[in-house]
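Chemist: Numbering (this note's numbering), first residue to last: 127 to 231. Take a look at this one; I'll ask things after.
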């Protein structure tokens, strides 16, 4: 069920509707408000320019995080493949050891 929450971002009230929890939506709104306020205060830009720059900055962060996540997935897959290979090798060595022990009896 969709949640509806009204929050203030840079002095303007916005009503957000989403399936996420109200607490999550408040965190999202607070992040946008914080980023826009920092831009407006630091660069003395208009609300529209702050909104666009905030969107660009957040998109940049998102793309970098997605790339980092993909790199971690690839690294994890490599580790899992190596572990699977080591397990197969250990199994083969156990088989050979058992066979050698049977031959010495």
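Every residue gets a Cβ at the ideal spot worked out from N, C-alpha and C, and that includes glycine.
1. Can you check the segment 134 to 159 for any alpha helix (DSSP H) of at least 4 residues that lies completely inside it and give the ranges in chain order?
2. For residue 159, which of 218, 140 and 170 has the nearest alpha-carbon?
3. What are the start and end residues of the alpha helix (DSSP H) that includes residue 216?
4. Tell me which same chain residues have a C-beta within less than 7 Å of the C-beta of residue 128, skipping the five on either side of it?
5. Keeping to the same chain, check which residues put their C-beta closer than 8 Å to that of residue 196; ignore five residues upstream and five downstream.
6. Please state whether the Cβ-Cβ distance between residue 149 and residue 162 is less than 7 Å.
Modeler: So, to answer that:
1. Listed in chain order, there is nothing to give.
2. Closest option to residue 159, Cα to Cα, is 140.
3. Residues 173 to 229.
4. Hits under 7 Å: 143, 144 and 145.
5. The answer is none, since no qualifying residue turns up.
6. Not in contact: residue 149 and residue 162 (Cβ atoms no closer than 7 Å).
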